[in-house]
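According to the numbering used here, the sequence shown is numbered sequentially starting from 288. Report on the structure given below.
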Amino acid sequence: MEATARAHTNIALIKYWGKRDEKLFLPMNSSLSITLDKFYTTTKVVFDPALKADRFFLNGKPAGAAETAKISRFMDKIRDFAGAKWYAVIESENEVPTAAGLASSASGMAALAAAAVKALGLQVDGRTLSKLARQGSGSACRSIYGGFVEWQKGEKADGSDSYAVPLLGRDDWELSILSCLLESKQKKISSREGMKRTVETSPFYAGWLETVEKDLAAAKSAIARRDFALLGRILEANALKMHATTLGADPPFLYWQSATLDVMREVELLRERGIEAYFTIDAGPNVKVLCGRKDEEAVRETLAAIPGVQRVFICHPGPGVSYGPY
Ligand code: PMV
Numbered sequence: 288m289e290a291t292a293r294a295h296t297n298i299a300l301i302k303y304w305g306k307r308d309e310k311l312f313l314p315m316n317s318s319l320s321i322t323l324d325k326f327y328t329t330t331k332v333v334f335d336p337a338l339k340a341d342r343f344f345l346n347g348k349p350a351g352a353a354e355t356a357k358i359s360r361f362m363d364k365i366r367d368f369a370g371a372k373w374y375a376v377i378e379s380e381n382e383v384p385t386a387a388g389l390a391s392s393a394s395g396m397a398a399l400a401a402a403a404v405k406a407l408g409l410q411v412d413g414r415t416l417s418k419l420a421r422q423g424s425g426s427a428c429r430s431i432y433g434g435f436v437e438w439q440k441g442e443k444a445d446g447s448d449s450y451a452v453p454l455l456g457r458d459d460w461e462l463s464i465l466s467c468l469l470e471s472k473q474k475k476i477s478s479r480e481g482m483k484r485t486v487e488t489s490p491f492y493a494g495w496l497e498t499v500e501k502d503l504a505a506a507k508s509a510i511a512r513r514d515f516a517l518l519g520r521i522l523e524a525n526a527l528k529m530h531a532t533t534l535g536a537d538p539p540f541l542y543w544q545s546a547t548l549d550v551m552r553e554v555e556l557l558r559e560r561g562i563e564a565y566f567t568i569d570a571g572p573n574v575k576v577l578c579g580r581k582d583e584e585a586v587r588e589t590l591a592a593i594p595g596v597q598r599v600f601i602c603h604p605g606p607g608v609s610y611g612p613y
């Protein structure tokens, strides 16, 4: 009746951007990510037949009504899957710097799916767990695995072929991912709202869809060959293309702030100095910079010196889901 699981966040190199089915969290395109070692969520789920509703605690405090409702809707899907009726006490600890604006929904939903399924005594494979996690937050389906991961969009309407698969283990390619936390004050447009508006209104979205599968194939072949320069060029262009679609939306929006551009420019300057570094940006202003391990300290120093950059975290490829006690 109880279990604890841990899942790590991931950063997309080829972005998931747009849903073809909002309810089942089915994506318009396949995507590719690296799971990170530094940021993770640990979640304990205790089912209790005496409870009349789920109770959700985040970092030791009872979560608000909206947050609890979102978690409970996801728990309903897990209960449906398992044929179970009980409510649960859910305690999540986010090992993501507080208020950092570094996405935790992927690690959160993946850890919750894993803990809940285990607490119900079910044995499921990674694929099944990935499909469940997907229905909490799309990107969560990739956090089931460590290292480099592909989320295959699938073709079927019921989502049975839309799940993540591991491409390369965390130790198979020594890269560093520097997560730059900016001083952000802007109100956030959620990824859910951002992709919905873009799919429905942006004339640039068709251009995104036309080229994203080609980007994915090129990125996979660069990974197979450990060709960092090629992978870097592809992931940077893919991120820029995704963000470009938001400028065509109605009303238009942009996740970047001025410091986002300053980091992007600095990465370009690093390359001019002969240091291979490439950036990517998810649905927010923060920038993640990829570089070789040997360059991580030099890149960190350069990025930390940019005004508007609050902190730089050095991350490496991390592990997939694991089970406690911790
Ligand atoms: O799964 P969500 O709702 O966190 O959406 C993720 C969207 C992006 O971070 C922009 C891209 C991605 O593939 O993670």
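In this text, a Cβ means the ideal position worked out from N, Cα and C, and glycines have one as well.
| Query | Result |
| --- | --- |
| Does any heavy atom of the ligand PMV sit closer than 6 Å to the C-beta of Lys-440? | no |
| With a threshold of 16 other CB atoms inside 10 Å of the CB of Ala-570, please say whether the residue is buried or exposed. | buried |
| Ala-393 and Ala-427 - do their beta-carbons sit closer together than 7 Å? | yes |
| Is it buried or exposed for Ser-430, if we count other Cβ within 10 angstroms and need 16 for buried? | buried |
| What do you reckon, is the C-beta of Leu-423 under 6 Å from a heavy atom of the ligand PMV? | Reading off the sequence, residue 423 comes out as Gly, not Leu. Gly-423: no, Cβ never under 6 Å from the ligand PMV. |
| Which partner residues does Pro-349 have in the DSSP bridge list? | Phe-344 |
| Can you tell me which of the three DSSP states His-530 falls into? | helix |
| Please list the terminal residues of the continuous beta strand (DSSP E) segment that includes Asp-308. | 306-308 |
| Along the chain, where does the alpha helix (DSSP H) containing Tyr-565 start, and where does it finish? | No alpha helix (DSSP H) holds Tyr-565; the beta strand (DSSP E) holding it covers 564-567. |
| When DSSP labels each residue in this structure, what does Asn-297 get in the three-state scheme? | strand |
| Give the DSSP bridge partners of Trp-438, in chain order. | Ser-318 and Ala-451 |
| Should Arg-287 be labelled buried (16 or more other beta-carbon atoms within 10 Å of its own) or exposed? | As displayed, the chain neither begins before 288 nor continues past 613, which places residue 287 out of reach and without an answer. |
| Distance, Cα to Cα, Pro-538 vs Ile-476? | 12 Å |
| When you compare only the Cα positions, how much space is there between Phe-312 and Gly-494? | 22 Å |
| Residues in the same chain with beta-carbon distance under 7 Å from Met-482, minus the five sequence neighbours each way, listed in chain order, please. | Trp-304, Gly-305 and Lys-306 |
| Please work out which residues of its chain come closer than 7 Å, Cβ to Cβ, to Gly-370, disregarding the five sequence neighbours upstream and downstream, and give them in chain order. | none |
| Taking all protein chains shown into account, do 16 or more other C-beta atoms lie within 10 angstroms of the C-beta of Arg-421, making it buried, or fewer, making it exposed? | buried |
| Answer yes or no: the CB of Tyr-303 versus the heavy atoms of the ligand GTP, is any distance below 6 Å? | In the structure on display, the ligand GTP does not appear, and the ligands it does have are the ligand PMV. |
| How would you call Met-396, buried or exposed, if buried means at least 16 neighbouring beta carbons within 10 angstroms? | buried |
| Can you check the stretch 552-608 for any beta strand (DSSP E) of at least 3 residues that lies completely inside it and give the ranges in chain order? | 564-567, 574-579 and 596-602 |
| According to the neighbour-count rule (16 or more other Cβ atoms, all chains shown, within 10 Å of its Cβ), is Ser-317 buried or exposed? | buried |
| For the ligand PMV, is there any heavy atom lying closer than 6 Å to the beta carbon of Ser-426? | yes |
| Is the stretch 484-491 close to the stretch 525-541, with three or more CB pairs under 8 Å? | yes |
| Hey, could you find the ends of the alpha helix (DSSP H) Val-383 is sitting in? | Counting along the chain, Val-383 falls outside any alpha helix (DSSP H), and DSSP gives it neither H nor E. |
| Mapping the DSSP letters down to three states, classify Ile-377 as helix, strand or coil. | strand |
| Quick check: what's the CA-CA separation for Phe-343 versus Ile-301? | 32 Å |
| Measure the Cβ-Cβ separation of Val-586 and Leu-465 and say whether it is below 7 Å. | yes |
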